[in-house]
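These protein sequence lines map, in sequence, to chains A and B.
According to our numbering, the residues represented by the first sequence are 19 to 426, in order.
According to our numbering, the residues represented by the second sequence are 19 to 426, in order.
Yeah, the Cβ is synthetic: ideal placement off N, Cα and C, and Gly gets one too.
None of the values given here were measured: they were computed from a predicted structure.
Only one structure is covered here, and it is reproduced in the block below.
Protein chains: 2
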Amino acid sequence: MISLIALSSCIEAGTLSADSAIREARARIAAQDPAIRAVLRTAPEGPAPAAGPLAGIAVGIKDIIDTADMATEYGSPIYAGWRPRADAAVVARLRALGAVPLAKTATTAFAGLDPCATVNPHDPAHTPGGSSSGSAAAVAAGMLPLALGTQTGGSVIRPAAFCGVAAIKPSFRLIPTVGVKTFSWALDTVGLFARGVPDLARALALIVDRPAIAATEPGAPRIGLCLQPFAGEADADAVAALHRAARAAERAGAEVADLILPEAFALAWEAHPHVQDFEARQALAWEAAQHRARLPARLGPQLDRAQAITTAHYDEARRHAHRARRLLKEMFSGFDAILTVSAVGRAPDRATTGDACFNRLWTLMGVPCVNVPVPGDGLPLGVQVIARFGDDGRALAVAGMIAAALAA
Amino acid sequence: MISLIALSSCIEAGTLSADSAIREARARIAAQDPAIRAVLRTAPEGPAPAAGPLAGIAVGIKDIIDTADMATEYGSPIYAGWRPRADAAVVARLRALGAVPLAKTATTAFAGLDPCATVNPHDPAHTPGGSSSGSAAAVAAGMLPLALGTQTGGSVIRPAAFCGVAAIKPSFRLIPTVGVKTFSWALDTVGLFARGVPDLARALALIVDRPAIAATEPGAPRIGLCLQPFAGEADADAVAALHRAARAAERAGAEVADLILPEAFALAWEAHPHVQDFEARQALAWEAAQHRARLPARLGPQLDRAQAITTAHYDEARRHAHRARRLLKEMFSGFDAILTVSAVGRAPDRATTGDACFNRLWTLMGVPCVNVPVPGDGLPLGVQVIARFGDDGRALAVAGMIAAALAA
Numbered sequence: 019m020i021s022l023i024a025l026s027s028c029i030e031a032g033t034l035s036a037d038s039a040i041r042e043a044r045a046r047i048a049a050q051d052p053a054i055r056a057v058l059r060t061a062p063e064g065p066a067p068a069a070g071p072l073a074g075i076a077v078g079i080k081d082i083i084d085t086a087d088m089a090t091e092y093g094s095p096i097y098a099g100w101r102p103r104a105d106a107a108v109v110a111r112l113r114a115l116g117a118v119p120l121a122k123t124a125t126t127a128f129a130g131l132d133p134c135a136t137v138n139p140h141d142p143a144h145t146p147g148g149s150s151s152g153s154a155a156a157v158a159a160g161m162l163p164l165a166l167g168t169q170t171g172g173s174v175i176r177p178a179a180f181c182g183v184a185a186i187k188p189s190f191r192l193i194p195t196v197g198v199k200t201f202s203w204a205l206d207t208v209g210l211f212a213r214g215v216p217d218l219a220r221a222l223a224l225i226v227d228r229p230a231i232a233a234t235e236p237g238a239p240r241i242g243l244c245l246q247p248f249a250g251e252a253d254a255d256a257v258a259a260l261h262r263a264a265r266a267a268e269r270a271g272a273e274v275a276d277l278i279l280p281e282a283f284a285l286a287w288e289a290h291p292h293v294q295d296f297e298a299r300q301a302l303a304w305e306a307a308q309h310r311a312r313l314p315a316r317l318g319p320q321l322d323r324a325q326a327i328t329t330a331h332y333d334e335a336r337r338h339a340h341r342a343r344r345l346l347k348e349m350f351s352g353f354d355a356i357l358t359v360s361a362v363g364r365a366p367d368r369a370t371t372g373d374a375c376f377n378r379l380w381t382l383m384g385v386p387c388v389n390v391p392v393p394g395d396g397l398p399l400g401v402q403v404i405a406r407f408g409d410d411g412r413a414l415a416v417a418g419m420i421a422a423a424l425a426a
Numbered sequence: 019m020i021s022l023i024a025l026s027s028c029i030e031a032g033t034l035s036a037d038s039a040i041r042e043a044r045a046r047i048a049a050q051d052p053a054i055r056a057v058l059r060t061a062p063e064g065p066a067p068a069a070g071p072l073a074g075i076a077v078g079i080k081d082i083i084d085t086a087d088m089a090t091e092y093g094s095p096i097y098a099g100w101r102p103r104a105d106a107a108v109v110a111r112l113r114a115l116g117a118v119p120l121a122k123t124a125t126t127a128f129a130g131l132d133p134c135a136t137v138n139p140h141d142p143a144h145t146p147g148g149s150s151s152g153s154a155a156a157v158a159a160g161m162l163p164l165a166l167g168t169q170t171g172g173s174v175i176r177p178a179a180f181c182g183v184a185a186i187k188p189s190f191r192l193i194p195t196v197g198v199k200t201f202s203w204a205l206d207t208v209g210l211f212a213r214g215v216p217d218l219a220r221a222l223a224l225i226v227d228r229p230a231i232a233a234t235e236p237g238a239p240r241i242g243l244c245l246q247p248f249a250g251e252a253d254a255d256a257v258a259a260l261h262r263a264a265r266a267a268e269r270a271g272a273e274v275a276d277l278i279l280p281e282a283f284a285l286a287w288e289a290h291p292h293v294q295d296f297e298a299r300q301a302l303a304w305e306a307a308q309h310r311a312r313l314p315a316r317l318g319p320q321l322d323r324a325q326a327i328t329t330a331h332y333d334e335a336r337r338h339a340h341r342a343r344r345l346l347k348e349m350f351s352g353f354d355a356i357l358t359v360s361a362v363g364r365a366p367d368r369a370t371t372g373d374a375c376f377n378r379l380w381t382l383m384g385v386p387c388v389n390v391p392v393p394g395d396g397l398p399l400g401v402q403v404i405a406r407f408g409d410d411g412r413a414l415a416v417a418g419m420i421a422a423a424l425a426a
């Protein structure tokens, strides 16, 4: 994998030109992608911006995010060859920072649950996770130093865990979703993948123009260790990785205590699919009405079933979410961060993209979540560090502290 | 003007076919629009759906709302001839209800402040208001029984007041904004124009599948009469119309009391442009970066100035909004509805689209607002009825009561 910070240092020092850095990214894609299938297409050749804090940084753009210079197909034949007129807001921002949105990365159709062609770089028989499959795999395979994904259930943190890369799902709407194909407007969140937590912090601070995000110190954080029993049981491997991360945090000076989430969170967890699917059936109403037969095997029936969600169900689901958000805000007076598993376990085979059960509560809460890969044998495992809404710098600082302690 | 309810009654009774109703709308557009310039283009000819609760209803779609069968130009030469692939969510919903999205209506560029070519149907020397200029004017001129607009500052209620039609800016996100060009994601709200308040109630209840919206009874509402002094002074005519509406409400059984908004609302009112423009500079980042010279005379400099809004300004503005929203929720325990002016006065000349100063607080609060035309001589005047968040049925019921009392 390639560190964004290391690459930027070389470019700032003048030992590497932005153009060379982008050419090298193209070469890595050409060499490695035929086996990984993470990249759908690359930008037209041309000189890279020489200036800007992200000069020379090639970025993967999940293919539900609009780009003016590359087709954007939302993972669906309904949009084959579709070419948006404008860049999404976050893509325009990357360009303004000197970065090169170089590659469109594979996504499941409309960021749903149907697997796409991308394989896990650690073992091609396994899923890279979804829905931001190509972004996670391209960063894991070392093709790109930075990639954009989106999360509505667990579509950033889960593939990051399966592929063994760092990733952040920031606070809700910290990064604008303008120009991102909508699945659920109350949930869709643009996130980032990179080699390490410091790379994420640097990129996020620049993208949202909040330097404090990269300057937060972890101190001696109080961490709540949380199992989310309402979401089911994680694999023994994943629970062992969680405890390994907790012990590493303690060695680094954190105070770790068990956190039992009250019933309100189980209700919010149950409410998530009602919010998501009630909105998805409206967001994808044109596709369902005009192209039902071209929707894939999981998404089509999911939208059909969503017709049965009443406005009363939706309103109740939103009330549950609202209550849990208020309660979580209070609970954060006792904790600086929450630590939990990023996924059920290691990446399953390619029949599915895995399960978002340990992610969806936090997406609904709108709070920042960071995946920290936990080193070990076999396919990757990850834990997620969660902080209060708007405190993305804290989530990254604590995640960085744990990542460093795990590596020590 | 044409009543949606009257039209639907004829169609349901079989005395008018849906096809004839749509053909008549086309004929009215052909006859009247050359003088009004509200309609930019119409849908390809074809049979209208014969079934559905909105069968035979021709709808005007503001040209920042995507339509798959008609170009969508966002009021800007940057998007000349632009043809979206999909319908916006609300357009797909209208089709599912049997309505015909018949005409794209003129909008100011990107729903900003630069006037477009539409004139006020009551006097072509005057503005129809903006930014939903074409939708308001087309309904006022009797070309269409229903039209969609959007409001970020005052872009639904203000043109409705200037053109003398009923309109609702519903609760924030009650109608999805998927497929609507973004100006400010925290503020943009899809709204409706129609001849009368009952027409709005029927259309909104169907579009959002909430029958209670059309079934709410006003009872004997407690109404807070409010002048918004922080927004400046309304014209004497407008204040007289407000008092006429208040007296009409009392005759109909309402209890009207003066409402003085505390300082928190003045701060929220001041915060609105910071939220709006900080988001607009991101939402329109591609246009500003690639096509600055093609942005119009007001919007270009507005986006330039927005570069100076810091994240700290934005965060503070959002805190002011949040505090005022909470306070407003408490204040509604003493009132069922708020009554205030819809605009400074009558439509000014065509050099501007008027001022959103009496609208923007309520857009920021996310609460439903209904324009009620106040009958009188000269160019139209309107008052707005405001209810608590999510109680769109209440806003419509009280507005309907006042409209009926004013007509009696």
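Simplified DSSP assignment, three categories, for residue i
i: K347(A); result: helix
i: Q325(B); result: coil
i: G271(B); result: coil
i: R240(A); result: strand
i: A43(B); result: helix
i: H290(A); result: helix
i: V174(B); result: coil
i: T358(A); result: strand
i: L192(A); result: coil
i: A258(A); result: helix
i: D51(A); result: helix
i: I20(B); result: coil
i: L317(A); result: helix
i: A284(B); result: helix
i: A405(A); result: coil
i: A458(B); result: The first residue shown for chain B is 19 and the last is 426, placing residue 458(B) beyond what the model contains.
Minimum Cβ-Cβ distance from residue i to chain A less than 8 Å
i: E334(B); result: no
i: R312(B); result: no
i: P60(B); result: The sequence given here places Thr at residue 60(B); Pro does not occur at that position. No, its Cβ sits nowhere closer than 8 Å to a Cβ of chain A.
i: R103(B); result: yes
Within-8 Å CB hit, residue i to chain B
i: E305(A); result: yes
i: T234(A); result: no
i: P194(A); result: yes
i: R191(A); result: yes
i: D227(A); result: yes
i: W100(A); result: yes
i: T329(A); result: yes
i: A68(A); result: no
i: L380(A); result: Just to set this straight, residue 380(A) is Trp in the shown sequence, not Leu. With 8 Å as the cut-off, W380(A) does not count as an interface residue toward chain B.
i: W287(A); result: no
Buried or exposed (CB count within 10 angstroms, at least 16 for buried), residue i
i: H340(B); result: exposed
i: Q320(A); result: buried
i: Q246(A); result: buried
i: P62(A); result: exposed
i: P176(B); result: What sits at residue 176(B) in the sequence shown is Arg, not Pro. Burial call: buried.
i: S202(A); result: buried
Bridge partner(s) assigned by DSSP for residue i
i: P391(A); result: G400(A)
i: Q169(B); result: T207(B)
i: D217(B); result: Per DSSP, none; premise fails for D217(B).
i: V198(B); result: I83(B)
i: D141(A); result: N138(A)
i: I278(B); result: Partner(s): none; I278(B) has no beta bridge.
i: D367(B); result: H144(B)
i: A421(A); result: According to DSSP, A421(A) bridges with nothing at all.
i: I225(B); result: DSSP, once it has assigned bridges, lists no residue as partnering I225(B).
Near the ligand HEM: residue i beta-carbon under 7 Å from a heavy atom
i: R312(A); result: Questions concerning the ligand HEM fall outside what the structure shown contains, since it holds no ligand whatsoever.
> Along the chain, which unbroken stretches of the alpha helix (DSSP H) at least 4 residues long are found entirely within the segment 57-127 of chain A?
Replying inline: You should have 107-114.
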